[in-house]
Each structure stands twice: as structure tokens, then as C-alpha cells.
Amino acid sequence: MDEQAIRDVEQITGMKRGTVPFTYLGVTVSPKSLSIQDCQCLVDKVVTRIRGIGSRKLSYEGRVVLIKAVLSTLHCYWARIFILPKIVVSKIESVCISYLWHGSDHKKSPSLVVWDQVCTPRKQGGLGVRDFHVWNLATIGKYAWWVANKEDHLWVRWVHAVYTKISSLWDYTPGFGCSWAWRKICQVKQLIKPYLLSLSSEEHYAIKAGYQWFKPDGGKVHWYPWMLNEWIIPKQQFICWLIAHKRLLTQDRLIRMGVIQSNTCFLCGLQEENLDHLFFECPFSSHSRKLVGDWCRFQIPQQNCIRWWIELRQAAACKKKVLAMVLAGLMYHVWQCRNRCRV
Ligand SMILES: [Zn+2]
521 MDEQAIRDVE
531 QITGMKRGTV
541 PFTYLGVTVS
551 PKSLSIQDCQ
561 CLVDKVVTRI
571 RGIGSRKLSY
581 EGRVVLIKAV
591 LSTLHCYWAR
601 IFILPKIVVS
611 KIESVCISYL
621 WHGSDHKKSP
631 SLVVWDQVCT
641 PRKQGGLGVR
651 DFHVWNLATI
661 GKYAWWVANK
671 EDHLWVRWVH
681 AVYTKISSLW
691 DYTPGFGCSW
701 AWRKICQVKQ
711 LIKPYLLSLS
721 SEEHYAIKAG
731 YQWFKPDGGK
741 VHWYPWMLNE
751 WIIPKQQFIC
761 WLIAHKRLLT
771 QDRLIRMGVI
781 QSNTCFLCGL
791 QEENLDHLFF
801 ECPFSSHSRK
811 LVGDWCRFQI
821 PQQNCIRWWI
831 ELRQAAACKK
841 KVLAMVLAGL
851 MYHVWQCRNR
861 CRV
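Pasting the structure below:
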């Protein structure tokens, strides 16, 4: 349009002339495909949330809640609108890993539990955090399903007219001249093909279902009711989760890592510290366990927590929940006492 026509339209409609790219509903709108630089604002948003005063002071379990409810949701929102480059998803994941274990967005030291385990459901011994890479694949799977089903969508018609033409989507391979986004959709199409073909004509593709197909359920861990017990205080639950995975930083682990040279239990000063000694064999924890057992009128066995759980399975549902809560509190406070003695 010539300048005079544009000015006339502005005057008649009262609308103002804008430029691209611009931000709408928190995301960048651009006529070109999204570059890594365009996605930097998403990474910056995640980092800003982490650097907030409230976020820095959160406990481990509080950080898990922030990752699940806020940081993961930010990624989810963008992934539903754009096809995010893998490097951007990796950056967000790396920031979240650093935040969970160190409370900061840039530390690179090793994690206590691998991220893949953190991203499994609580029943399977994880923390139920969404796997960013797998969710990204599942959202791209939605486009593959649209094209495969020839959804009534302008973009789908354009894809069939320009790319696939008369060939079936399943036989089609993108040529060198195709866009990055279309090649990415075709890659995911090959991965998710068995699932898409298994859907009946009445069924619709759901991103959550696609996610579960990419990340199928593993077996339950025997201590999963402990992780689902809402009566247990979350920060105590997190310590129990580390104990169950044998990842608590006791002195025997620090020696293996070369951080310290000698190992003596801080609580009794008699034996070497490891998980079994600290929570089950140490005179301090044995005495604490007896006092707590007398108080709640339950004979807490002296064996490790697996044995404890077997004993608990024989109790009634409500009693089991209360006892699990008491045991979690006991283990948490033994760990806190040990940390205070160390200082
Ligand atoms: Zn001891």
C-alpha cells in the first residue's frame, strides 16, 4: 500500500501502524520462524522467576513446586504455540536442574539424583516433574497428527499443497529445501507413527497422551505410598525420598567423592557414618526411635526402612498414614541433629 492509503486507513479506523516482531500475550509474534535469540526471552523469564527473593529461600520441596507450577508451565505455554529449538529446551532444563539442587540458575556441580529420575511420576520413585524434551516432542506430535488426519486448518491445507502433495504422509520425506520446522515435524512424525496409527478415527490426539506414549510408565517402587502420603510434611518427604534413593550426602559418600578424608559419625563418634548406621544403628537414632515408638505405641523395628515399610503395610490405612508421617519426621530430625553436630 502507498503511504497515503496507509494514513487514510489509520485515520478512518483509528488504528495505529505497528511493526513486527511484537509481543502478544507474552510471546513474540514474527512473520519468520522463531530463532534461538527470539526464544532467549523465555529462558530469561524462567531465570527471573528463580532469582526472585521468595524463590531463592525455598526448600527443596518448595523448589519442586515452583518448577512444576510455574517454570514448567511457562515452557508448556510456549511449546503449544511454537516449535522450540532443542537447544532452548536444554537451556531451560539446565536452569531448572541447577535451581532444584543449588537454589541458583547457573551452578554446574553434580546433582544428587539424575534429572531423568526426577521426571518420573511419584509412584515410580520420581518427583513428578514434567520432562521438557519429551513434552516438546509430544506437542510437535500434535502437528503431525493434524497433517496425517488432514484437519480442516489453513496451515494443514498449505502443507499438503506445498509439501506432501499427492503422496501419503507416512511415505513422505522432506527435501533439502524444506523449512526447519517442517523437517522437525517430519522427524517426530516418524517417531510417533505407531501411536498415531493406533488412534481410531473418533479419537483425538492429546498432548498428555502423546507424552505418556513417549515416556511410558515403569514399575512402582515399593515405598510409593510414602511419596503419596499428603500428611507428611513436604520437606521431610524430600529427605525420605533422598534416603530411599540412597543419595543423601552422608560421610561415606563424601569420602568416595574425595571431599573428606576421615569418617566418624557426628552423633555418637563411635562408628563410620553411612545411611544404615545414621538412621538405624547409631545409639542416638535408636534411642530416638524407642522414645517415639513408646509415644505412638508402635514397636518400630531396628532394621532398615524397607523393613519398616513392610511392618507398616500390615497396619490399617489411617494408622499406616500416621505412622509413615511419624517415621518421616523422625528421619528428618535425625538428619537435622546430625547437621547441627557437624557445625
Ligand atoms: Zn552414630
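Going by this note's numbering, the first residue of the sequence shown is number 521, and it counts up by one from there.
C-beta atoms are modelled at their ideal positions from N, C-alpha and C, and glycine is treated no differently.
Under the three-state DSSP convention, the category residue i falls into
i	result
T693	coil
S631	coil
Q710	helix
T770	coil
G730	helix
T684	helix
P736	coil
T568	helix
V563	helix
K643	helix
S718	helix
G789	coil
W700	helix
R576	helix
Q557	helix
V475	Since the first and last residues shown for the chain are 521 and 863, residue 475 lies out of range.
D796	helix
V820	One detail in the question is off: residue 820 reads as Ile in this sequence, not Val. It is coil, neither helix nor strand.
R776	helix
Residue span of the beta strand (DSSP E) that contains residue i, given as start and end
i	result
T784	Taken as a continuous stretch (DSSP letters only), T784 belongs to no beta strand (DSSP E), as it is neither H nor E.
Y544	F542 to Y544
Start and end residues, alpha helix (DSSP H) containing residue i
i	result
V741	Premise fails: V741 is in no alpha helix (DSSP H) and is neither H nor E.
T548	Note, T548: premise wrong, no alpha helix (DSSP H); beta strand (DSSP E) at V547 to V549.
V842	A837 to R862
K606	K606 to H622
K663	Looking at the sequence shown, residue 663 is not Lys but Tyr. Per DSSP, Y663 belongs to the alpha helix (DSSP H) from F652 to A668.
S592	S592 to I601
P754	P754 to A764
E581	Y580 to L586
G813	P803 to C816
I526	E523 to T533
R677	L674 to V679
Presumed contact (8 Å Cβ cut-off) between residue i and residue j, rounded CB distance
i	j	result
R511	L798	Because the chain in this structure spans residues 521 to 863, residue 511 falls outside the shown range and cannot be described.
W598	L620	Their Cβ separation, rounded to whole angstroms, is 20 Å, which puts W598 and L620 out of contact at 8 Å.
M845	I763	With a Cβ gap of about 15 Å, M845 and I763 do not count as contacting.
F818	L843	6 Å
W746	K713	Rounded, the Cβ-Cβ distance is 39 Å, inconsistent with contact.
K755	E530	Contact doesn't hold; Cβ gap of about 58 Å is too wide.
V649	V584	7 Å
D651	R571	The pair is not a contact, with the Cβ atoms about 24 Å apart (cut-off 8 Å).
D558	T548	5 Å
L795	K766	6 Å
A668	L716	6 Å
C-beta neighbour in chain C for residue i, strict 8 Å
i	result
I759	Going by chain labels, chain C is absent from the structure shown, which holds only one protein chain.
- Three or more beta-carbon pairs under 8 Å between the region 609-626 and the region 584-601, yes or no? yes
- Item | Cβ contact (3+ pairs, closer than 8 Å) linking the region 646-662 and the region 722-740 | yes
- Item | Stretch pair the region 803-818 + the region 780-789: three plus CB contacts closer than 8 Å | yes
- Message: Check whether the region 736-755 and the region 627-644 touch, using three or more Cβ-Cβ pairs below 8 Å as the test.
- Response: yes
- Message: Taking 8 Å as the cut-off, does the region 765-772 touch the region 667-684 (at least 3 CB pairs, one atom from each stretch)?
- Response: no
- Are there three or more Cβ pairs, one per stretch, closer than 8 Å when the region 717-728 is compared with the region 661-675? yes
- Assess, as a yes-or-no matter, whether the region 622-629 is touched by the region 697-709 under the definition of 3 or more beta carbon pairs within less than 8 Å. no
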